[in-house]
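Peer 1:
Protein chains: 2
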Amino acid sequence: MIAKTIGRPSPPPLHNRLPVLRAERGLSRQDLATAISVNYQTIGYLERGEYHPSLDLALRLAEYFNLPIEAIFSRTPFSPLSEKVYGGPA
Amino acid sequence: MIAKTIGRPSPPPLHNRLPVLRAERGLSRQDLATAISVNYQTIGYLERGEYHPSLDLALRLAEYFNLPIEAIFSRTPFSPLSEKVYGGPA
DNA sequence: ACTTATTGTTGTATTTCTACAACAATAAGT
DNA sequence: ACTTATTGTTGTAGAAATACAACAATAAGT
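In order, the protein sequences belong to chains A and B.
Quick note on numbering: the working numbering labels position 30 of the first sequence as 143, and the sequence is numbered without any gaps.
Quick note on numbering: the working numbering labels position 68 of the second sequence as 181, and the sequence is numbered without any gaps.
1) Which residue spans inside the segment 128 to 201 of chain B form an unbroken alpha helix (DSSP H) run of at least 4?
2) If you count every other CB in all the chains shown that lies within 10 Å of the CB of A136 of chain A, and 16 or more means buried, which is it?
3) By the criterion of Cβ-Cβ separation under 7 Å, what are the contact partners of L145 of chain A in chain B?
4) Below 9 Å between beta carbons is the criterion; list the residues of the segment 154 to 175 of chain B that meet it against any residue of chain A, in chain order.
5) For E196 of chain B, decide whether its Cβ has a neighbour in chain A, counting only Cβ atoms nearer than 8 Å.
6) Take the Cβ of R138 of chain B as the centre, count every other Cβ of all protein chains shown within 10 Å, and call the residue buried at 16 or more, exposed below.
7) Measure the beta-carbon distance from P181 of chain A to A175 of chain A and round it to whole angstroms, keeping in mind my assumption that it falls under 8 Å.
8) Just checking, does the segment 144 to 151 of chain B make contact with the segment 179 to 193 of chain B on the three C-beta pairs under 8 Å criterion?
9) Taking the straight line between their C-alpha atoms, what separation do you get for G162 of chain B and N129 of chain B?
Put into structure tokens, the structure is as follows:
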């Protein structure tokens, strides 16, 4: 028999730019975690795409980085920022 | 004794423009719910600020309305769109 | 007055999110 | 070789998000 799914269905994984944004600013996960008041392991889960952040957390990250949420999280893969700025190969 | 809080703390309530956006488009909660594949009662909970959407749900709403998430949900109260467009009283 | 659509309320079930702890694995610096 | 910082892994616990159902309260239309 087919079990009817109750509760929250598993949403597709989410792409994120957290590692890039951290690297640009020289932040460890612990640094970022402290800045937005979460456990440092939560940052790890987010970077690996193991779960989606709450909207509250996403808004805090966006505020911290001074970016729109869509620049940090996306349902579709990100293209590298470096390419966006300098263009692709000639 | 002071019980140490484990799990997710209750984030502050979130302001939203869902009723306005629905009204502008003449959509019932059921209509919107169907469009983004959630239960119609979930829209009710969101409109009343009784809970925060997942980022996944917020992204689907933003995509549906063709707006940035920040135009739909905010930690600070929204000013009326009508005022934004036409300005305040003279 | 009747019907219908919309919204609110209450309750139960399940999954996800987040905290926290302990430890392994790397990498960097001394 | 030793220490330290950073990241990954595994496990437990508790709160929040969502589905679903049933019913009450309005409002609108006929």
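Using N, Cα and C, we set each Cβ at its ideal position, and we do this for glycine too.
What you are looking at is a predicted structure, and each value in this text was computed from that prediction instead of being measured.
Peer 2: In brief:
1) 131 to 138, 142 to 149, 153 to 160, 168 to 178, 194 to 199
2) exposed
3) None at all; the shortest Cβ gap to chain B is about 17 Å.
4) H165, P166, S167, L168, D169, L170, A171, L172, R173, A175
5) no
6) exposed
7) 6 Å
8) no
9) 8 Å
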